[in-house]
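Shown next, in structure tokens, is the structure this report addresses.
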Amino acid sequence: MTLSSRWPSVATSSQLKEKMRNAKVLCVGAGGIGCELLKTLVLTGFEDITVIDMDTIETSNLNRQFLFRKHHVGTSKARVAADAVRVFRPNANITVYQGNVKESRFDKTFFGGFALVLNGLDNVEARRHVNRLCLSAGVPLIESGTEGYLGQVTVHYRLKNEAGEMQYATECFECAPKQSRTKTYPVCTIRNTPDKPIHCIVWAKELLFARLFGRPDVMTDLDEAAAKEEGADANGDAADGHNATAFLRGPDEPAEAYARRIFCRVFDEDIVKVLSMEELWEAREKPKPLQLARCLGDGGSADQNGALQGAHQAATGESACKALGITGAYRIWSLAECAKVLIESIRQYLEGRPAEVGEAVFDKEDDLAVEFVTAAANLRAANYNIPQQSLFVTKGMAGNIIHAIATTNAVVGGLIVVEAMKLLASKPENSRATFILKHVTNPKAKRLLNAIAPGEPSPKCAACGTARLELLIDTSKTCLDDLVNKVLKKSLSLVEPTVRTDAGFEYEEGEGLDEDEVAVNKAKLPLPLDQQAGGGLKHSTVMYVEDQVQEFHVQVEICHKNDWDEEQDPEGFRIGGSVPQAAAKAVDTAGSSDAASPSAGIQSDDDDDLVIINGPAAKEGHEDDDVVSIGEPEVSQAAVVGTLPQAEGNLSKRSADGDIDGPRKRQRGA
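Numbering-wise (UniProt numbering), the sequence shown opens with residue 1 and increments by one.
And the structure:
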């Protein structure tokens, strides 16, 4: 048996097994997919593995990340996963890093030491970062992800033959356009005219929770909208009462009395104010105020000390439901229960966690926080006659969770290893992008796994092609800080951007700058784009953008646009592209002849808790775009470069827009 044998016969050859034992592979992520991947790697014969993961184990991980146990909660995912799989193969050499893959120590040189990179990341910025480092270092990458019953594994590489000629090349992680998963809702809808459960949950989490327990000096998107739309008084308070002073607790005000006052304010008095805006209700059902006494009923009346019946014990700060004896995470609470939980959760925070009040941030693993948001969202829903949700459903929507299926993770982990074996066997022509479906879509084929050939590189790709991007933005109202952080870092996923123009403008980040240079660059950030040095960043200005960390560079042409529709363009900017040159330049590599790799592009997170609500909600783009962003940014695919001894065959055009809604139609090949 030789490596020239056809796939899959070569999978059992002694030569391939030797290559697998010696190949250095990097696994980025040790979550749901990461656990399955590490297990499958060592059981298949890989013995030199490096793992990077910055996260620690949470209780919610235990039902699907099978390498972890209850006593591991709070410890490093990467370290525990490595220890667990060593039991399967004691002679495996597993190196562990607990850290962010975007840290400077994980640079081009670091990535260049591996034959394959296998991704299981949970956000698009990190995926793009890894993609660019793999392109720069000439290392193949395999991307993957799952979303419930759906999953995806794709392969990205650029391989040359022994003569140095490009023989195989797939699209990179950023070649194919990705449909944005971000959903946006105008703030006015969330504040005044909600009509969906998610509107109420976002309101409870991003406005009420943040206002009662978060930093009082930080305005939320909803607060800012209120101030801009309705004006502010001399104290800087919004006219509609959504302000810091309205929610301040009096010096001697009992926690229970304060909680009752908040209830009356937001679910009764504020609704009465909204009803006075008669034009809002000409074509909508009017909301109804909630009176606390009616909601509580006889069973929830207060005793002579003002405490709810059933809540006499000292506050522990753990759970309002436990204190009240309310059970059932999967049922919808009654209105009385919602009112009780809201009041008791506020009391628990104020008396049981006084040190956190003023600094608290919503955490889906915090029972008390989830109980508060569930109660507040359901009361808000009752105001507007919107269906209420259970604690379980609310936690999923507020905590960014699409519940994972462990079996899907296992299938994806296996597919990653199969694609890695093909590349190590010098069989890139057999590489496939595989999509896991929930239902059979083709009655004739009757398949739940849809495998197609990888796509070809796009000359329009900003990462591996020769694209010039076009940025539509309001240059008179957008400051440089927004350009750097929202456009370059968040949208384009740069780490340390440098921006230059032919007219002499320059902005730079990164190591090596002295204090004066840092101060000069920092002083430029608050200024509008059109007021920057060198005549400003105006319409038709071409910016030369670089990131030395990623060895990434792209030209960005600015197109001024001052009229934005917050529904269609909530970020306040839009990025497009063009191709100034005819074809993408091939990337030369010095990778090992044994290196070849796959990469998977999908739009889910490390596997399990898919981000659906990007929180805390933040405005993006233009300063007048009052929206709350809900959803995950678009996710792309990853690319790799390597050297291939001698392989034959042509690659086919593959599908995959990064979403798990199935592949595009294959254009040629099999």
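Heads up, the beta-carbon is just placed ideally off N, CA and C, and yes, glycines get one too.
Straight-line Cα distance separating residue j from residue i
i	j	result
K486	T478	11 Å
K19	G138	19 Å
G113	K24	8 Å
T50	A30	11 Å
H622	R265	In this predicted model, H622 has a pLDDT of only 32, less than 50, meaning its place in the structure is not dependable; the value taken from the coordinates is given anyway. For H622 and R265, the distance between alpha carbons rounds to 32 Å.
C295	A375	12 Å
D609	L38	Caution applies to D609, whose pLDDT of 35 falls short of 50 and renders its modelled position unreliable; the model cannot decide the point.
E256	D367	20 Å
A406	F505	52 Å
T56	L141	24 Å
Y97	V28	10 Å
G414	Y330	33 Å
L135	K77	27 Å
F173	K102	17 Å
residue 711	R158	There is simply no residue 711 to check, as the chain begins at 1 and stops at 670 in what is shown.
E224	F209	The predicted model places E224 with a pLDDT of 48, which falls under 50 and marks its position as unreliable, so this point remains unresolved.
K585	L483	Note that K585 scores a pLDDT of 33, beneath 50, so its modelled location is shaky; the value from the coordinates is reported in the next line. Their Cα atoms are separated by approximately 28 Å.
N430	G164	21 Å
L437	R574	32 Å
V130	L492	13 Å
L207	C200	10 Å
G615	F213	Since pLDDT at G615 reaches only 32, below the 50 mark, its modelled position is unreliable, and the value read off the structure follows with that caveat. Between G615 and F213, the C-alpha separation is close to 16 Å.
V155	A433	6 Å
L67	R105	27 Å
K538	D569	20 Å
A92	L118	17 Å
V554	L488	11 Å
Q313	N521	55 Å
A523	E496	17 Å
G534	D122	40 Å
K322	S276	39 Å
T189	V272	17 Å
C559	K490	19 Å
Close Cβ partners of residue i (< 6 Å) along its chain, the five nearest in sequence each way excluded
i	result
V556	L469, L471, M543, V545
G576	E470
D195	none
G649	With a pLDDT of only 30 at G649, under the threshold of 50, the placement of this residue in the model should not be trusted; the figure read from the coordinates follows. Excluding positions up to five away in sequence, the list reads E429.
Whole-number beta carbon distance between residue j and residue i, since they are thought to touch under 8 Å
i	j	result
L423	L116	7 Å
E511	T498	That pair is no contact at about 12 Å.
K205	V373	5 Å
A339	F263	7 Å
N192	L280	6 Å
G455	A176	6 Å
G297	A336	5 Å
Proximity of residue i and residue j at Cβ, strictly below 8 Å
i	j	result
S426	E171	no
E278	N385	no
I416	V153	yes
G317	Y349	yes
V42	V85	yes
residue 672	G32	Only positions 1 to 670 of the chain appear in the structure, and residue 672 is not among them; the question remains open.
S144	V341	no
L480	L525	yes
C362	A463	Reading off the sequence shown, one finds Phe at residue 362, where the question assumed Cys. Cβ distance not < 8 Å, so F362 and A463 don't count as in contact.
G358	R260	no
D270	L290	no
A404	G45	no
G151	T408	yes
E253	A320	no
T59	E365	yes
Own chain partners of residue i with C-beta closer than 8 Å, once the 5 adjacent residues on each side are dropped
i	result
P387	P197, A381
V579	Summary for V579: the model assigns pLDDT 49, below 50, so the residue's position carries little reliability; its value from the coordinates is reported in the next sentence. Cβ within range, chain order: P459, K460, G465, T466, A467, R468.
Y258	R249, G250, I346, L350
Neighbourhood of residue i by C-beta distance below 7 Å, restricted to the same chain and skipping five residues each side
i	result
residue 679	An answer regarding residue 679 cannot be provided, because it is not within the stretch 1 to 670 covered by the chain.
G74	T56, I57
E351	A255, A315
A126	V101, K102
F88	K39, V42, L43
K108	L133, S136, A137, E551
I343	E256, A259, R260, F263, L308
Proximity test, residue i beta-carbon vs the ligand MG heavy atom, cut-off 7 Å
i	result
N119	Among the components modelled here there is no ligand, and therefore nothing to report on the ligand MG.
As an exercise, report each continuous alpha helix (DSSP H) stretch of at least 4 residues that is fully enclosed by the segment 15-98, in chain order. DSSP runs (the alpha helix (DSSP H)) wholly in the segment 15-98: 32-44, 77-86.
Could you tell me which whole alpha helix (DSSP H) segments of length 4 or greater appear in the segment 463-526? DSSP runs (the alpha helix (DSSP H)) wholly in the segment 463-526: 515-524.
List in chain order: all unbroken alpha helix (DSSP H) runs of 4+ residues lying wholly within the segment 325-390. The segment 325-390 contains these whole alpha helix (DSSP H) runs: 335-347, 367-383.
Suppose only complete runs of 4+ residues qualify. What are the alpha helix (DSSP H) ranges in the segment 403-446, listed by chain order? For the segment 403-446, whole alpha helix (DSSP H) runs of length 4 or above, ordered along the chain, are 406-424.
In chain order, which continuous runs of the beta strand (DSSP E) of length 3 or greater are located wholly inside the segment 90-160? For the segment 90-160, whole beta strand (DSSP E) runs of length 3 or above, ordered along the chain, are 93-97, 116-119, 141-147, 150-156, 158-160.
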